[in-house]
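Asks:
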Amino acid sequence: MNKINKVVDKLINLYGNNEPFPNCCYLYGQKSVGKSMCIENFLENASNYIESVIIYANECYSNKILFENIINKFNNHELNEANQFESFAKIDTMEDFLNQISMLDVSKSYIIVIEKAEKLRDMDINIIATFSKLQEFTGLNISCILVSHIAYEKMSGDEIIEIHVPDYSKNDITDILLNRYEEVHEEIIKNIKKSNMKNEEIDKQLEAVTTMNEEFYKNYLSVFLNVFYKACRDLKELSFLCDKCYPSYYNPVLTGEIKSTDVTNLWRNVTKTLKMALNTIYMRVGNLSAIELKSTEENDENTFEIHQRTNTIKTFAQMLELPFYAKYLLIASFLASHNDAKSDKKLFMKNHGKERKRKQPPKVSEKMNVQFGPKSFTIDRLLAIFYAILDEKVGLTCNLLSQISTLVDLNFLTFVSGESNLMEGTARLQSTLGLDFVINIGKIVGFNVKQYLTDFH
Amino acid sequence: MEIGKTRKFLKSRLQQDTTTFYGFENEREHIKNLFLRAKDGESNSALLIGPKKCGKTTLVNSVLLEMLQDKKFVEKTLLILLNGLIHTDDRLALKSTTIQMNLEKEVEGKTFSSFSENLTFLLSCLKSGKDTQRLIFIIEEFDLFCAHHNQTLLYNLFDVAQSAQTPICVLGITHRLDVIELLEKRVKSRFSHRQIFLLPNSDDFETYFKIFKELLKLPTTQENNEYIKNNLSIPKNVFREIKLPFLRRLFNPSEYMFSKKHITDWNKAIDQLAKKEKVISTLENLFNTSVTIATLKLFLFQVVSNLNETHQKIEDNEMVKLIENLLFEDNKVKLLTGLSVLELCILIAIKHHCEIYDNDPFNFEIILTRYNKFALKSSTMQNIDREVILKAFENLKYQEFIGSIGIEGKIQKEYQMHKLLIFPDQIEKAIQRYQNLPTEVDHWSKSSIF
């Protein structure tokens, strides 16, 4: 890639053969734009004159590991059984480390690459400061390259040379994904051959595969990126999802339903899958088809897009098998968490006195209680609301109370305080549910939740 | 060939030459006197104070380099280097002192009841010879030693220096101008209150410009010889005996031979470059941001790095571009343009929230509501699930564009309060630069009413 080469060139210019190195460099860019690749390419190019070590700062939970890893690498010391996995030298302090570094050959040049350099901030404060001045302390031609995804100001170090690794454009990503065409193609053929279909069926499919040329894949990529690129630019994630969704695109071609040149129909066929997959970004859902199936069943009924949005929540709410009263308890807990205790009287009592008609200024604020998270409530209040919203009369039995602890076990309710003295009534709980979920539960039991929230009055 | 050599020479001088100090003759003389008198057995203490990167260590190095050419100085004094970054507590500092005094054997097996007893023992070991060696302590990052428990090391050193039992000289180097206030009363009263300030002059662009030219020019043979005479006539045995890091790879111009023609040609080109109006004005910009020579050197290092066979001269345009890049390019904006449209939309929602509520903290739910108001009407940003948006929100946090306030983990993450860690105009700049941004997002970013 051109952009990577540019960065590598820059690095090589800064770290020339047999030339003095700068004290420290900072390589930064968005995640998965090829920062590590730049470093690898550069070190490979320069391997004949640079001794280098790459350290991942997130692995170094103590200074000792950081120091010893570096020293081991520079002394070509490998941990194995022969040396009982002891490192080259025991290094506890910064001074030991600098002494060890100083003992290295002066005529050579060294580079320490620290990946995830932002983690250095969590270590001792002297680490960043010393690593950016190694030349001053050791007198060697040594340099440190810090690699990170955040801006350098956040590292609170001295001025150093900063190098930005530019991010991929849409075209770059298409090119990178297109590079994998051969690989993907062979995988498909392999899968067809492995499948236990009739021979003639296999032959027919294999023939269909031949029509799926690079152009076909490219068309898929453009359809795919049109949906995904706006939500995610992480190359790793995109290539994962790209592989996941590809079967839905080419399957109709294999079965002969759609011709491989019929781009419009292919697109129409795959959009639903892509839209579903869009909501699984970063979730790494193993099996897309499971969700897919459900969605297609439901989509026939409600075509509204807003419904689609809450699909997963809805299905989860429907799948949730709880006793009837427990569902009401859930709703009651949500109402208790998101309403002020002051407004309870007004909301739940039939005769709550005369409402004084005051000329209230219209609500200007957009702030809502549901946005600020649940507040805690006592069990007394929970039960009071529960009885208020439930039409039937139920006794306050042991069974009912045990439902509360079930809900706590299921993590729908959490204790804020007083876990141990549940019976005294001083325990405080809060609901962990979201509004959408509770609305769906309410629909199942036939209860309008919004009506009882002060936010929506 | 010549250009490769030139590049290497210039780089070496910029990077390796840590002993040439520009200006501040009085202060330099002061330090020099201090060391000279230490050689003669006078105890003293002083502090060298100056802002970061202004050349404090370079100044001391340059004085040391000069002193080391004096045979007597080498014989009579013992240099001990301590650094607050390396010696993070007094025990480590004392251990290091012992090693630097070559007294490990004497100390072995002995136990000391107190810090001062240990130090006195070390000092008494020095006395045993006919002529006591003078100690010079150079303490870098002096301010960090002030944070040590009871300031024991500083107290003892100053105490010895003041009571003149053993001749020692203590020179502290720090970037904190208020360092005296950090000293405890008993430590302060033992300190000589000799403070040497290195305050860079922010009016003197001419000198800065002269140094700029000097750093890029190749030296003539005459200049070379002079440099070698002044700086490199240290007796050979010194290198073996004295373990100063900067002595290990001392910059030596005599390693580079250039043809006379190349030197005059190159220098002429540099002179021409320095005459260009644009170069001068942008350099002035750089000077106005940072007056230190270190910044200049760092910048020139990057300029010189770009030289190669196909690119033999330093171009004025390239230099101007580099400085402008250094000064005006916002690296956060660069990172922002790498975000996905969704992430940018969330940032816009946050921006609107901050504008409306005067930088009130926000949580995910608040931002989601605001974002949904836009997304429901937009044609491009529909159909994105809450979970994906939450992930995008978390990604912004991971990149440290937003940060949480209060203790994390206490409340659910949707309700955890956050604040914006970048400026709204950085977001605006990123939006301007963002490629292929849907127009409706652009419109929305300008006005919160959609």
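These protein sequence lines map, in sequence, to chains A and B.
No gaps in the numbering here: position 352 of the first sequence is 352 in full-length UniProt numbering, and each next residue is one more.
No gaps in the numbering here: position 79 of the second sequence is 79 in full-length UniProt numbering, and each next residue is one more.
Glycine included, every Cβ here is placed at the ideal spot set by N, Cα and C.
From a predicted model like this one, the values you see are computed outputs, not experimental measurements.
What's the call for Tyr49/A, buried or exposed, on a 16-neighbour Cβ count within 10 Å?
Replies: One-based indexing of the first sequence puts residue 49/A at position 49. The residue is exposed, with fewer than 16 neighbouring Cβ atoms inside 10 Å.
Asks: What is the C-beta distance between Asp316/B and Leu273/B, in whole angstroms, given that I count them as a contact (C-beta under 8 Å)?
Replies: Translated into the one-based positions of the second sequence, residue 316/B becomes position 316. Translated into the one-based positions of the second sequence, residue 273/B becomes position 273. Sure, about 6 Å apart at Cβ, within 8 Å.
Asks: So what does DSSP say about Phe88/A, is it helix, strand or coil?
Replies: Your numbering for residue 88/A matches position 88 in the first sequence. Of the three classes helix, strand and coil, the one that applies to Phe88/A here is coil, per DSSP.
Asks: Would you say Cys242/A and Ile281/A are within 9 Å of each other, going by their C-beta atoms?
Replies: For the purposes of this step, residue 242/A is taken as the residue at position 242 of the first sequence. For the purposes of this step, residue 281/A is taken as the residue at position 281 of the first sequence. It is not a contact, given that the beta carbons lie outside the stated cut-off.
Asks: Nearest to Ile404/A by alpha carbon, out of Ile161/A, Ala326/A and Asp340/A?
Replies: Position 404 of the first sequence, counted from the start, is the residue given in the question as residue 404/A. Of Ile161/A, Ala326/A and Asp340/A, the residue nearest in Cα terms is Ala326/A.
Asks: Would Gly109/B be called buried (16 or more neighbouring beta carbons within 10 Å of its own) or exposed?
Replies: As a working mapping, residue 109/B is identified with position 109 in the second sequence. Exposed, since its Cβ has fewer than 16 Cβ neighbours within 10 Å.
Asks: Could you check what DSSP says for Arg180/A in three-state terms: helix, strand or coil?
Replies: Here residue 180/A is taken as the residue at index 180 of the first sequence, counted from 1. Of the three classes helix, strand and coil, the one that applies to Arg180/A here is coil, per DSSP.
Asks: Under the assumption that Val8/A contacts Ser52/A (Cβ atoms under 8 Å), give the Cβ distance between them as a whole number of angstroms.
Replies: What you label residue 8/A is simply residue 8 of the first sequence in a count that begins at 1. What you label residue 52/A is simply residue 52 of the first sequence in a count that begins at 1. Going by Cβ atoms, the distance from Val8/A to Ser52/A rounds to 14 Å, so no, they are not a contact pair.
Asks: Indicate the three-state DSSP secondary structure (helix, strand or coil) for Tyr227/B in the structure shown.
Replies: Stepping through the second sequence from its first residue, residue 227/B is reached at position 227. Tyr227/B: helix per DSSP, three-state reduction.
Asks: Nearest chain B C-beta to Met123/A closer than 9 Å, yes or no?
Replies: Locating residue 123/A in the first sequence gives position 123, where the first residue counts as 1. No, no contact with chain B.
Asks: Would a C-beta distance cut-off of 9 Å place Ile142/A and Gln135/A closer than the cut-off?
Replies: On the first sequence, residue 142/A is found 142 positions in, with the first residue counted as 1. On the first sequence, residue 135/A is found 135 positions in, with the first residue counted as 1. For Ile142/A and Gln135/A, yes; Cβs fall inside 9 Å.
Asks: Give the DSSP bridge partners of residue 451/B, in chain order.
Replies: Examination of residue 451/B is not possible in this model, given that chain B is present from 1 through 450 alone.
Asks: Looking at the strands, I want to know which residues DSSP matches up with Gln430/A.
Replies: Position 430 of the first sequence holds residue 430/A. Its beta-bridge partners are Thr414/A.
Asks: Below 8 Å CB to CB, which residues in the same chain sit around Glu301/A once its five sequence neighbours on both sides are set aside?
Replies: As a working mapping, residue 301/A is identified with position 301 in the first sequence. A caution first: Glu301/A carries a pLDDT of 39, below 50, which makes its placement in the model too unreliable to give a value.
Asks: For Ile242/B, which of Ile49/B, Gly338/B, Thr439/B and Leu79/B has the nearest alpha-carbon?
Replies: One-based indexing of the second sequence puts residue 242/B at position 242. The candidate whose alpha carbon is nearest that of Ile242/B is Leu79/B.
Asks: Closest to Asn72/A by CA distance: which of Tyr61/A, Thr273/A, Leu104/A and Ala46/A is it?
Replies: As a working note, residue 72/A is residue 72 in the first sequence. Looking at the Cα atoms, Leu104/A is the closest of the given residues.
Asks: Roughly how far, in whole angstroms, is the beta-carbon of Ala46/A from the beta-carbon of Leu335/B, given that I think they are within contact range, below 8 Å?
Replies: What you label residue 46/A is simply residue 46 of the first sequence in a count that begins at 1. What you label residue 335/B is simply residue 335 of the second sequence in a count that begins at 1. Between Leu335/B and Ala46/A the Cβ distance is about 27 Å, and since that is not below 8 Å, they are no contact.
Asks: Per DSSP, what kind of secondary structure is Gln399/B in: helix, strand or coil?
Replies: The count along the second sequence starts at 1 and reaches residue 399/B at position 399. Gln399/B: coil per DSSP, three-state reduction.
Asks: Have a look at Asn23/A and Tyr22/B and give me their C-alpha separation to the nearest angstrom.
Replies: In the first sequence, the residue the question calls residue 23/A occupies position 23. In the second sequence, the residue the question calls residue 22/B occupies position 22. When rounded, the distance between both Cα atoms is 21 Å.
Asks: Would you tell me roughly how many angstroms separate the C-alpha atoms of Ile427/B and Leu390/B, rounded to the nearest one?
Replies: What you label residue 427/B is simply residue 427 of the second sequence in a count that begins at 1. What you label residue 390/B is simply residue 390 of the second sequence in a count that begins at 1. Rounded to whole angstroms, Ile427/B to Leu390/B spans 20 Å at the Cα level.
Asks: Helix, strand or coil: which one does DSSP assign to Ser52/A?
Replies: Within the first sequence, residue 52/A is the residue found at index 52, counting from 1. Note: Ser52/A maps to strand in three-state DSSP.
Asks: Kindly say whether Gly434/A, judged by its beta-carbon, lies nearer than 9 Å to any beta-carbon of chain B.
Replies: By one-based count along the first sequence, residue 434/A stands at place 434. It does; some Cβ of chain B falls within 9 Å.
Asks: Report the rounded CA-to-CA distance for Glu201/A versus Tyr181/A, giving the unit in angstroms.
Replies: Counting from 1 along the first sequence, the entry for residue 201/A is found at position 201. Counting from 1 along the first sequence, the entry for residue 181/A is found at position 181. Taking the straight line joining both Cα atoms gives about 24 Å.
Asks: Mind pulling the chain A residues with CB within less than 8 Å of His87/B?
Replies: Residue mapping note: residue 87/B aligns to position 87 of the second sequence, counting from 1. In chain order: Glu95.
Asks: Just how far apart, CA to CA, sit Gln382/B and Phe423/B?
Replies: One-based indexing of the second sequence puts residue 382/B at position 382. One-based indexing of the second sequence puts residue 423/B at position 423. Straight-line Cα distance between these residues: approximately 27 Å.
Asks: With a cut-off of 8 Å on the beta carbons, I'd call Phe205/B and Phe287/B a contact; round off their distance for me.
Replies: Here residue 205/B refers to the residue found at position 205 of the second sequence. Here residue 287/B refers to the residue found at position 287 of the second sequence. So it is a contact: roughly 5 Å between Cβ atoms.
Asks: Does chain B have any CB closer than 9 Å to the CB of His457/A?
Replies: Taking the first residue of the first sequence as position 1, residue 457/A is located at position 457. His457/A does not count as touching chain B.
Asks: Considering only residues of the region 292-316 of chain B, which uninterrupted alpha helix (DSSP H) runs meet the minimum length of 4 residues and lie entirely inside it, listed in chain order?
Replies: Whole alpha helix (DSSP H) segments, 4+ residues: 293-305.
Asks: Determine the chain B residues that contact Leu14/A at a beta-carbon separation under 7 Å, and present them in chain order.
Replies: In the first sequence, the residue the question calls residue 14/A occupies position 14. Chain B residues near Leu14/A: Ser305.
Asks: Pick helix, strand or coil for Gly446/A, following the three-state DSSP scheme.
Replies: Looking up residue 446/A in the first sequence gives position 446. Here Gly446/A sits in coil by DSSP.
Asks: What in chain B is Cβ-close to Ile161/A, meaning under 8 Å?
Replies: For this step, residue 161/A is matched to residue 161 along the first sequence. Per Cβ cutoff of 8 Å: Leu298, Phe301 and Gln302.
Asks: Within its chain, find whatever has a CB closer than 8 Å to the CB of Cys245/A; leave out the 5 residues flanking it on each side and keep chain order.
Replies: Looking up residue 245/A in the first sequence gives position 245. Within the same chain, Cys245/A has close Cβ partners Phe224, Val270, Thr273, Leu274, Ala277 and Leu288.
Asks: Indicate whether the contact test is met: 3 or more Cβ pairs, each with one atom in the region 419-436 of chain A and one in the region 367-387 of chain A, closer than 8 Å.
Replies: Yes: the two stretches touch, three or more of their Cβ pairs being nearer than 8 Å.
Asks: Just curious, the beta strand (DSSP E) that Thr77/B is in, first and last residue?
Replies: Working through the second sequence from its first residue, we reach residue 77/B at position 77. Counting along the chain, the beta strand (DSSP E) containing Thr77/B begins and ends at Thr77 to Asn83.
Asks: Work out the CA separation of Leu320/A and Ile444/A for me, nearest whole Å.
Replies: Within the first sequence, the letter at position 444 stands for residue 444/A. Within the first sequence, the letter at position 320 stands for residue 320/A. Taking the straight line from one Cα to the other gives about 11 Å.
Asks: Going by the CB atoms, is the gap between Ser45/B and Cys169/B shorter than 9 Å?
Replies: Locating residue 169/B in the second sequence gives position 169, where the first residue counts as 1. Locating residue 45/B in the second sequence gives position 45, where the first residue counts as 1. Yes, they are a contact pair.
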